[in-house]
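Protein chains in written order, with this note's numbering: chain A, 11 to 277; chain B, 8 to 389.
In what follows, a structure is listed as structure tokens, so that the remarks can point back to it.
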Amino acid sequence: MDIVVCVKPVPDPKQWSKLALDPVTKILRREGIDTILNPLDRNALEAALVIRQKVGGKVRVVSMAPPFTQEIVRETLALGADEAVLLSDRAFAGGDSWATVLVLAAGIRRWGRPDLVLCGAESADGSTGQVGPQLAHLLGLTHLTYVCGFEDASPERLVVRWQVEDGYARVEVRLPAVLTVTKEASKPRTMTIMGVVQARNKPLTVLSAADLGIDPATCGLKGSPTQMGDMWMPESGRRQEILRGEAAEVVMELLTKLRELAALPCH
Amino acid sequence: MEFGFSPEQELIRKMAREFAEEIIVPRSAEFERTRVPPVDIFHAMGEHGLLGITVPVEYGGTGLGHLARMLAIEEISRYSPAMGFMLQVFALGAAPLLDFGSPELKQKYLPALASGEYFATVTVTEATGGSNPFGLTTVAEKDGDNYILTGRKVFITGSSLCRLHTISAITGQDDRGRKIVTAFLVDSEMPGFKSGREEHKSGLWGTQLGEVVLENCVVPAANILGRPGDGIKVAMKAISETGRPGIAATGLGVIARALQESVKFASERVVGGCPIGDYQGIQFKIADMSVALDAARYLCYRGAWMKDQGLRCDVEMSKAKLFATEAAMVAARHCGEIHGGYGWLEEYVAQQLYRDAAILIPSAGTSEMMRVVAGRAALSGK
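Here's what the structure looks like:
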């Protein structure tokens, strides 16, 4: 089975307290913050490796990210992927999910039609959850989002758990398909020294817009249907107010205020 | 001059960090409380390839070398000096076999050491020896194809956990009446091998330290490491070129963690309207830790690089061990002081770092012995 896993390098969520927003450029300042593989993408990769173990085939990884993330992408090879491609070009910068998917789809098509594409359900930084479904649309494949478990796999079909409110539904998915996975879908393995050594001889290719035959005007910020209007850090704080007077009056006043704040029902 | 690491070495550091976060940290509160060595973690080290870093590929390892080993120990020690210490001991235990073992012994035992099926240690120290390797009293008498070993070894890390022990014993005297010392690879399954009393240390909880008792222990002559009479050379090469850098790397982890915790606390703890990190007194301590970490790293990495190049590095490793462990002790004390009273509460790691760092100083040779090595080398123009 030909499996493709889409991964995204993201700022380490454990260090988000260090993230700052440049008030003028509206660009996130990432200095001093480690970049890691998006946590849910590791769940997707783990699922792919388990399926490969069961039915055979290849696991390929594709990522659209700046060149400095090459070593992050290499981790996927150390974890067991067979091949990785990093799609990296200044023209790709600032793309929304649609512009990103255009590039990812071009990267995936180089390998022909995959049997299965796996993505994390959402990224830790953008959290749109749109890449999987949009990718399925562009590749002309069916899709299922929020897969929270894998029960069976064969070259033609998968039996998965699809997360629904208050539980899951067991779904049979005919391949080819695009699935996005939640953290419950798998328990990602940890790297091993043997994996690190094996990664040495696995292909990791960096491709530009020209390599992919993509018109720079269609991708990145220029090719994004959604444009950011503004961005700001929300302010939060505590407000104090002391109510004085007779106990009964104070209680009624408190109830009124709480209702005004929609903290209590109006009736 | 290159100061950076290769992408592969960076990945090894990351792999070790991941191992620590996923496998050690969830268990550390338990072994720090019970002081029981988490043997399953030691086996997991093998399964993840951490015990085979210095073992050649043909014997089931990855042969990545001593700099890679140092990075792994440093990173794991940042989370748990005790686990970093055990990781270094197991590679120390494999070193005499790697350097002096016969092809048959290597084939028989190295794959099991690389995979974590067996653990190994160096069982040399005696109550009458310590820093004087000739102070030993354990004897080995030839008996046909075997040697019969009798004696008692002390301060052995992994004494009751390790299957393989490199044991030095007196096998005779030379013309001038000096002891002839021979090294044997002893399997704990051999008749007459016993684990003696267990020691209880003030730190590095989760490690295991104790005695080994040899009561007419029968060891095949084929298990001699090197040649008869090479015992001191076998032990000293392992201790000076693998043991000391391992302890030094554990020290690097302690310094790095002490710095990390100090920066965190100094940024969060507000006194007099500002974080205590705004005060120069605190900044000076943090600066000293930061400089010590850089200096210790350069000494340690240079020594490990020399070892990987096949260069003699006993003096460099002694300097690295001296500096890194002394700096670890100071950094741990500074860390505790920056935390004020909190530093000595069990829920803060500062007190643990202090207890752990103290044990690194006498391990594999005291600071005084490291100074003797460095001093003699300097006086002889090396």
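Built from N, CA and C at the ideal position, the CB exists for glycine as well.
Original post:
For residue 209/B, does the count of other Cβ atoms within 10 angstroms reach 16, so buried, or fall short, so exposed?
Top reply: Burial call: exposed.
Original post:
From 35/A, 185/A, 44/A, pick the residue whose C-alpha is nearest to that of residue 123/A; which is it?
Top reply: With distances taken between Cα atoms, residue 123/A lies closest to 185/A.
**OP:** Consider the Cβ of residue 203/A: report whether some Cβ of chain B lies at a distance smaller than 8 Å.
**Re:** Yes, contact with chain B.
**OP:** Kindly give me the distance between the Cβ atoms of residue 343/B and residue 85/B, rounded to whole angstroms, as I take these residues to be in contact under 8 Å.
**Re:** With a Cβ gap of about 17 Å, residue 343/B and residue 85/B do not count as contacting.
Original post:
How many Å lie between residue 235/B and residue 242/B at the Cα?
Top reply: Residue 242/B has its alpha-carbon roughly 13 Å from the corresponding atom of residue 235/B.
Subject >> residue 206/A beta carbon less than 8 Å from that of residue 22/B >> reply: Contact check for residue 22/B against residue 206/A passes: the beta carbons are separated by less than 8 Å.
Subject >> chain B contact residues for residue 30/A, given Cβ-Cβ distances below 7 Å >> reply: What residue 30/A touches in chain B: nothing, since even the nearest Cβ is about 15 Å away.
**OP:** Would you decide whether residue 175/B is buried or exposed? Buried here means 16 or more other CB atoms lie within 10 Å of its CB.
**Re:** With 16 or more other Cβ atoms from the protein chains shown falling within 10 Å of its own Cβ, residue 175/B counts as buried.
Original post:
Can a CB atom of chain E be found closer than 8 Å to the CB of residue 56/B?
Top reply: Looking at the structure shown, chain E is missing, and the protein chains on hand are A and B.
Subject >> Where residue 207/B sits in the DSSP three-state scheme >> reply: Residue state, collapsed to three classes: coil.
**OP:** Note the first and the last residue of the continuous alpha helix (DSSP H) segment covering residue 180/B.
**Re:** Not the alpha helix (DSSP H): residue 180/B falls in the beta strand (DSSP E), residues 171-180.
Subject >> Partner residues on chain A for residue 22/B, Cβ-Cβ distance less than 8 Å >> reply: Ordered by position in chain A, the residues that pass the 8 Å Cβ test against residue 22/B are 88, 200, 201, 202, 203, 205, 206.
**OP:** Would you mind telling me which residues of chain A sit closer than 7 Å to residue 300/B, beta carbon to beta carbon, in chain order?
**Re:** Within 7 Å of the CB of residue 300/B, no CB atom of chain A is found; the nearest one sits about 17 Å away.
Original post:
Between which two residues does the alpha helix (DSSP H) carrying residue 92/B extend?
Top reply: It spans 88-107 - the alpha helix (DSSP H) in which residue 92/B sits, taken as one unbroken run.
Original post:
residue 229/A to residue 112/A, Cα distance in whole Å?
Top reply: Answer to the nearest angstrom: the Cα atoms are 7 Å apart.
Original post:
For residue 46/A, which of helix, strand or coil comes out of DSSP?
Top reply: DSSP places residue 46/A in the strand class (E or B) of the three-state scheme.
**OP:** Leaving out five residues on either side along the sequence, give the residues of the same chain with a beta carbon under 7 Å from the beta carbon of residue 63/B.
**Re:** Closer than 7 Å at the Cβ level, and outside the excluded window around residue 63/B, lie 70.
**OP:** Look at the Cβ atom of residue 329/B, then the Cβ atom of residue 378/B, and state whether they are nearer than 8 Å.
**Re:** The answer is yes: Cβ separation under 8 Å.
Subject >> chain A contact residues for residue 14/B, given Cβ-Cβ distances below 7 Å >> reply: Correct list: 81, 84.
**OP:** Answer yes if the region 190-199 of chain A comes into contact with the region 137-156 of chain A, meaning at least three C-beta pairs across the two stretches below 8 Å, and no otherwise.
**Re:** The region 137-156 of chain A vs the region 190-199 of chain A: in contact.
Original post:
Who are the near neighbours of residue 34/B in its chain, counting only those whose CB is closer than 8 Å to its CB and skipping five residues on each side?
Top reply: Closer than 8 Å at the Cβ level, and outside the excluded window around residue 34/B, lie 45, 48.
Original post:
residue 293/B: which of 19/B, 281/B, 272/B sits nearest, CA to CA?
Top reply: Considering only alpha carbons, the answer is 272/B.
Original post:
How far does the alpha helix (DSSP H) with residue 356/B in it reach, from first residue to last?
Top reply: Unbroken run through residue 356/B: none, as it is neither H nor E.
Original post:
Nearest chain A C-beta to residue 48/B closer than 8 Å, yes or no?
Top reply: It does not: the Cβ of residue 48/B has no partner Cβ on chain A nearer than 8 Å.
Original post:
Which residues mark the beginning and the end of the beta strand (DSSP E) in which residue 68/A is found?
Top reply: Residues 68-74.
Subject >> Interface partners of residue 62/A on chain B, CB under 8 Å >> reply: Within chain B, no residue comes near residue 62/A; the closest Cβ sits about 20 Å away, beyond 8 Å.
Subject >> Separation of residue 114/A from residue 57/A, as counted between CA atoms >> reply: The alpha-carbon separation between residue 57/A and residue 114/A amounts to approximately 20 Å.
Subject >> heavy atom of the ligand SAM below 7 Å from residue 286/B C-beta >> reply: The ligand SAM is not part of the structure shown, which contains no ligands of any sort.
Original post:
So, does the CB of residue 249/A fall closer than 8 Å to a CB anywhere in chain B?
Top reply: Closer than 8 Å: no.
Original post:
Where does residue 53/A land, buried or exposed, given buried means 16+ other C-beta within 10 angstroms?
Top reply: Result: buried.
**OP:** Using a Cβ-Cβ cut-off of 8 Å, state whether residue 210/A counts as contacting chain B.
**Re:** Yes, residue 210/A counts as interfacial toward chain B.
Original post:
Taking any Cβ of chain A, which residues in the region 113-134 of chain B have a Cβ under 8 Å from it, in chain order?
Top reply: Under the 8 Å Cβ criterion, the region 113-134 of chain B contributes no residue.
**OP:** Report the neighbours of residue 18/B on chain A: residues whose CB is nearer than 8 Å to its CB, in chain order.
**Re:** Going along chain A in sequence order, the residues near residue 18/B (Cβ under 8 Å) are 81, 84, 85, 88, 201, 206, 209.
**OP:** Please report the Cβ distance between residue 52/B and residue 94/B, rounded to the nearest whole angstrom; I am assuming they are in contact, meaning their Cβ atoms lie under 8 Å.
**Re:** Correct: roughly 6 Å between the Cβ atoms.
Original post:
Three-state secondary structure (DSSP) at residue 282/B?
Top reply: If DSSP states are grouped into helix, strand and coil, residue 282/B belongs with the strands.
Subject >> Inter-residue Cα distance where the pair is residue 269/A and residue 263/A >> reply: Spanning the alpha carbons of residue 269/A and residue 263/A requires a straight line of approximately 10 Å.
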